[in-house]
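Just below is one structure, and these are the notes that go with it.
Residue numbers (the numbering used here), protein chains in the order written: chain A, 416 to 859; chain B, 6 to 66.
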């Protein structure tokens, strides 16, 4: 039989049992006859794959999309065998949760999860089918790292403890520079400092440290000159670099600088502001008067175009007043119409004093050009005798401007921090130290 | 990329903040009306403001 992808002759081997799998030594694909898989793949959606012919019966093949499209593999339209490209078996293991994929689907151990460490891949020359011992249960007694959370220092980097496990050798495939046999148990401790991972494997007679570096899937795919694109990564790897945290420091630095500029601008504007009172006048309204509206004296607004603060103080007490106002330019007849509500209620109820509103109010008119002006005021109230004073101040810097600016500036760094935290939570979720519960840090 | 985008955004916010503080370009909503008659000063009732967004409030707990 030849590989349907690269036409290389397929090699048969038995990965830990009686079932024989045809494996391509060139592109690392594998062919499974119908019934050889423990996983049922009948529920996927299929589309024709005209470019491929079945290596077993030469019939056409179809592309089968399973697990909500997260995995696509080829199935023979004739003998119903399956073709897995390189990496697809690992994806099926991950998606199905079944470590040992080969065998009869109705065997009792089919649903049983095997130890996390999978059998090595590749063109093996020998296979062992002995039953491995069950891995020891990890607990606080045999895993002190879980609460000690040691830190390892190497080459100037601090590696945080990620996980301690007791992997058991369940299959041996291929050649090793040491004696490897089914049933070997080691104590494996992983420490991370993305993108690096330090692993310490301790057996009865030796302790081995290994340093690894996370490599992006695309880089691996390119290095091995694989066709197509790698599978989309699922989850977060222990040593996977956090794409958010890399830029987080720079963004927060820029936030501090920009917020400083806004605050400094406010302080500078406050120091140079006129804040000049241009009108301070009192009026009254007595119920029954035929005309409620009043006009102020004429006042001069000097300097550049700027804002105007309009403050009204009243003698309201358990009452409300609405003021319809117009700032009218004496020379041009142009006016700015605006309104203001003032209400003041208070009392004592159920042993508690309460208060709602205040007997005064303030409005800010934006960008008022210099000129000669007067103010027309038309109050409406339920108070029989309303006395109110109006005070106008020119060029008053508002605190809310830098506050709003800082709020806007804050949004992006906070968003990035949340995303970064979420990424880290995903990374540490599978570790001995989920980020929801923290442990102490001791140097080792 | 994100750092560069944020730098541009922060620069724009700073510029808007400085301009709003300098020009007093922030405040209450006001309607601009042209051609108010001169007689308003002598007889305020000849001009009625169009501004009436507020409503009578009876307040209290």
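The C-beta atom is built at its ideal place from N, Cα and C for all residues, glycine as well.
Between residue 613/A and residue 569/A, how many whole angstroms is the CB-CB distance? I'm expecting something under 8 Å.
Residue 569/A and residue 613/A do touch by the CB rule: their CB atoms are close to 6 Å apart, below 8 Å.
Measure from the alpha carbon of residue 476/A to the alpha carbon of each residue in 467/A, 746/A and 456/A, then state which is nearest.
Ranking the options by Cα distance to residue 476/A, first place goes to 467/A.
Could you check how far apart the C-beta atoms of residue 740/A and residue 728/A are, in whole angstroms? I think they sit under 8 Å.
Their Cβ separation, rounded to whole angstroms, is 14 Å, which puts residue 740/A and residue 728/A out of contact at 8 Å.
Would residue 469/A be called buried (16 or more neighbouring beta carbons within 10 Å of its own) or exposed?
Burial call: buried.
Ignore the nearest five residues each way along the sequence and tell me which others in residue 678/A's own chain have a CB closer than 8 Å to its CB.
Only residues of its own chain outside the window of five on either side were considered, and among them 817 and 821 have a CB closer than 8 Å to the CB of residue 678/A, listed in chain order.
Give me the Cβ distance between residue 29/B and residue 722/A, rounded to the nearest whole Å; I'm assuming they're in contact under 8 Å.
Right, the Cβ-Cβ distance comes to about 3 Å (below 8 Å), so this counts as a contact.
Short of 8 Å in beta carbon distance, which residues of its chain neighbour residue 752/A, apart from the five on each side in sequence? Order them along the chain.
So the list reads 739, 740 and 741, once near-sequence residues are dropped.
Check each residue of the region 717-732 of chain A: if its Cβ is closer than 7 Å to any Cβ of chain B, include it; give the result in chain order.
Those residues of the region 717-732 of chain A that come within reach of chain B (Cβ to Cβ, closer than 7 Å) are 720, 721 and 722.
Is the CB-CB distance between residue 691/A and residue 765/A below 8 Å?
Their beta carbons are not under 8 Å apart, which means residue 691/A does not touch residue 765/A by this criterion.
Option in 427/A, 712/A, 462/A and 440/A with minimal Cα separation from residue 421/A
The residue with the shortest Cα to Cα distance from residue 421/A is 440/A.
The region 12-35 of chain B: which residues have C-beta closer than 8 Å to a C-beta of chain A, in chain order?
If the cut-off is 8 Å between Cβ atoms, the region 12-35 of chain B has 12, 14, 15, 16, 18, 19, 21, 22, 23, 25, 26, 27, 28, 29, 30, 31, 32, 33, 34 and 35 near chain A.
Do residue 708/A and residue 806/A have their C-beta atoms closer together than 8 Å?
Contact flag unset, no.
Assign residue 697/A to buried or exposed, taking buried as 16 or more other Cβ atoms, counted over all protein chains shown, within 10 Å of its Cβ.
It counts as exposed.
Going by alpha carbons, who is nearest to residue 833/A out of 733/A, 663/A, 615/A and 605/A?
Selected option, being the one with the closest Cα: 663/A.
So which residues of chain B does residue 810/A contact, with C-beta pairs closer than 8 Å?
Result: 29.
At the 8 Å Cβ level, is residue 803/A part of the contact set with chain B, yes or no?
Closer than 8 Å: no.
Quick one: list the residues of chain B neighbouring residue 638/A, beta-carbon separation under 9 Å, in chain order.
Within 9 Å Cβ-Cβ: nothing; residue 638/A doesn't reach chain B, min ~25 Å.
Residue 677/A - DSSP class collapsed to helix/strand/coil
Three-state DSSP puts residue 677/A in a helix.
Does residue 806/A come out as helix, strand or coil in the three-state DSSP assignment?
If DSSP states are grouped into helix, strand and coil, residue 806/A belongs with the strands.
Endpoints, beta strand (DSSP E) assigned at residue 574/A
Residues 572-580.
Alpha carbon to alpha carbon, how far is residue 443/A from residue 507/A? Give it in angstroms, no decimals.
Taking the straight line joining both Cα atoms gives about 15 Å.
Below 6 Å CB to CB, which residues in the same chain sit around residue 536/A once its five sequence neighbours on both sides are set aside?
With a pLDDT of only 36 at residue 536/A, under the threshold of 50, the placement of this residue in the model should not be trusted; the figure read from the coordinates follows. Scanning its chain for C-beta atoms nearer than 6 Å, with the 5 sequence neighbours on each side dropped, one finds no residue around residue 536/A.
Would you list the one or two residues that DSSP bridges to residue 709/A?
Note: residue 709/A sits in a beta bridge opposite 792/A.
For the region 736-748 of chain A, which residues have a CB atom closer than 9 Å to at least one CB atom of chain B, in sequence order?
From the region 736-748 of chain A, only 737, 738, 739, 740, 741, 742, 743, 744, 745, 747 and 748 have a Cβ closer than 9 Å to chain B.
Give a yes or no on whether the minimum CB-CB distance between residue 52/B and chain A is below 8 Å.
So yes, residue 52/B belongs to the interface.
Local conformation of residue 611/A per DSSP, three classes
Under the three-state reduction of DSSP, residue 611/A is assigned to strand.
Checking the sheet assignment: what are the DSSP bridge partners for residue 583/A?
Beta-bridge annotation (DSSP): residue 583/A is paired with 600/A.
Of the residues 836/A, 512/A and 683/A, which one's Cα is nearest the Cα of residue 24/B?
For residue 24/B, the nearest C-alpha among the options comes from 683/A.
Suppose contacts are defined by Cβ-Cβ distances below 8 Å. Is residue 448/A in contact with residue 418/A by that definition?
Judged by their CB atoms, residue 448/A and residue 418/A are not nearer to each other than the 8 Å cut-off.
By how many angstroms is the C-alpha of residue 607/A removed from the C-alpha of residue 688/A?
Each residue's Cα considered, the two are about 56 Å apart.
Whole-angstrom Cβ separation of residue 850/A and residue 653/A, contact assumed at under 8 Å?
Contact doesn't hold; Cβ gap of about 13 Å is too wide.
Does chain B have any CB closer than 8 Å to the CB of residue 671/A?
No, its Cβ sits nowhere closer than 8 Å to a Cβ of chain B.
Which residue's Cα is closest to the Cα of residue 437/A: 767/A, 416/A, 681/A and 457/A?
Among 767/A, 416/A, 681/A and 457/A, the Cα nearest to that of residue 437/A belongs to 416/A.
Counting Cβ pairs, one atom from each stretch, are 3 or more of them under 8 Å apart for the region 456-467 of chain A and the region 481-499 of chain A?
Touching, per the Cβ criterion.
Residue burial classification, residue 527/A (beta-carbon count within 10 angstroms, cutoff 16):
In this prediction, residue 527/A scores a pLDDT of 34, lower than 50, which makes its location untrustworthy; the coordinate-derived value is nonetheless stated afterwards. Exposed, because fewer than 16 other Cβ atoms sit within 10 Å of the Cβ of residue 527/A.
To the nearest angstrom, how far is it from the Cα of residue 778/A to the Cα of residue 793/A?
Linking residue 778/A to residue 793/A through their CA atoms gives a straight-line distance of about 15 Å.
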